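Take the sequence shown: its position 29, counting from 1, is numbered 50 in this note's numbering, and each next residue is one higher.
Structure, as structure tokens:
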Amino acid sequence: MPDEHDLIGIAELAAASGVPQATLRTWERRYGFPRPRRSPSGRRLFDRDTVEAVRRVTTLRAQGLSLEAAIALARDEVAAPGSPFVHAASVAVGVPRLVVTKRTLVAISRAIEDEIALRLRGGVVVGFFQRERFFRQSAQRWADLASAADACVAFADFRRARAGAVCELPLPSASEARRDWAIVAASGEFAVLLCGRELAAAPRLQGDQRRRFEAFWTTEAGAIKAALASARRIANTVADGERREALAPLDEVLESGRVAPPSLAALVSLCNRMVLYAGEGLPKEIASI
């Protein structure tokens, strides 16, 4: 259970979600949502995931769902942090999917990392690396990205997360996100998302670099925010107090909604990098990540 200082009152929930207090109380009476916790003093408090859940309800309502159906879906999404790929893909409905080898996925990842390093000033960068050793091979690059961002977060099967510029968060052994390979960057000037999900296979038979992923990339704000929200929910289950403080900029991006697509020049530059890196290949030490 979160500490009381991590909880918010209904006035703060209303302000952050954009839904009036009277409406929230009506929802609670009729549907048991949002569900408050009681402080020792009897005050009704909500965890910060509830903000995203309430926003999700308003989004689903705008898409035509009934209030009851929207609340049921939003409640299920918050209850199961799940996978950034799954959550982002549910929003990025029209974005083409590709089935690629890990070698190609790493090349695209490197292109995006280089463009982030060039363009991002402030904002947040989040990565899902599956295994700790994959992150360690990119740790210096991500430390460089962290110097340009307000928050830089890496998820992997860390046995012991290290302190540093990058906030390292361990993925539980049963986490769906252990199959994900993702990079998310979001700010008021530049935003991009790459998401891949490993397909069922036998890596020991085909080799690490030939593992296959269903993947997509996009600059659509909705998909980017969905991936960030999923990452935030996972972080809530594993981050301690100090690391939770490091995640504050991620909350700010989600609450403000300021996720700007790249300029045309930046988009062309990013596409050129992808073509170059994937077509001509990467140095051996990079391709082996």
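Where is the CB? At the ideal position from N, CA and C, for every residue including glycine.
This structure is a prediction, so every number in the text was calculated from the model and none was measured.
Item to check | Beta-carbon separation (whole angstroms), Cys216 vs Asp201, contact threshold 8 Å | outcome: Here Cys216 really is in contact with Asp201; their C-beta atoms are around 7 Å apart, less than 8 Å.
Checklist entry - Do you know how far the Cα of Ile133 is from the Cα of Ser290? => result Separation of Ser290 and Ile133 (C-alpha to C-alpha, rounded to the nearest whole angstrom) is 10 Å.
Next on the checklist: Tell me which residues share the same chain as Tyr298 and place their Cβ nearer than 6 Å to its Cβ, disregarding the 5 neighbours each side in the sequence.
Outcome noted: So the qualifying residues of the chain are Ala128, Arg131, Ala132.
Item to check | Coarse secondary structure for Arg254, derived from DSSP in three states | outcome: helix
Checklist entry - Is Gly63 helix, strand or coil when you go by DSSP? => result In this structure, Gly63 counts as coil in the three-state DSSP scheme.
Item to check | Local conformation of Arg233 per DSSP, three classes | outcome: strand
Item to check | Backbone secondary structure at Pro270 - three-state DSSP | outcome: Reduced to three states, the DSSP call for Pro270 is helix.
Checklist entry - Is Arg58 helix, strand or coil by DSSP? => result strand
Checklist entry - Terminal residues of the continuous alpha helix (DSSP H) containing Asp135? => result 123-140
Checklist entry - Roughly how many angstroms lie between the CA atoms of Arg231 and Arg82, to the nearest whole one? => result 42 Å
Item to check | Arg294 to Ile255 span [Cα, whole Å] | outcome: 31 Å
Next on the checklist: Ala260 and Leu190 - do their beta-carbons sit closer together than 8 Å?
Outcome noted: yes
Next on the checklist: Taking 8 Å as the limit between beta carbons, can you name the residues of its chain near Glu89, skipping five residues before and five after?
Outcome noted: Taken in chain order, the residues that qualify are Tyr52.
Checklist entry - Between the region 137-149 and the region 159-175, do at least 3 Cβ pairs fall closer than 8 Å? => result yes
Checklist entry - Out of Ala203, Leu192, Ala212, which has the shortest C-alpha to C-alpha gap to Ala170? => result Ala212
Next on the checklist: Which residues does DSSP list as the beta-bridge partners of Gly148?
Outcome noted: Answer is Ala175, Ile204, bridged to Gly148.
Next on the checklist: Please tell me whether Ala203 and Gly148 are closer than 8 Å, where the distance is taken between their beta carbons.
Outcome noted: In this structure, Ala203 places its C-beta atom within 8 Å of the C-beta atom of Gly148.
Checklist entry - Could you give the C-beta distance for Phe234 and Val121, rounded to a whole number, given that I count them as a contact under 8 Å? => result 6 Å
Next on the checklist: With the cut-off set at 8 Å, would you say Thr239 and Leu214 are in Cβ contact?
Outcome noted: yes
Item to check | Unbroken alpha helix (DSSP H) run spanning Ala36, endpoints | outcome: Unbroken alpha helix (DSSP H) run through Ala36: 31-38.
Next on the checklist: Below 8 Å on the Cβ atoms is my contact criterion, and I expect Phe176 with Phe150 to pass it. Report the Cβ-Cβ distance as a whole number of Å.
Outcome noted: 7 Å
Checklist entry - Under 8 Å between the Cβ atoms of Glu241 and Gly103? => result no
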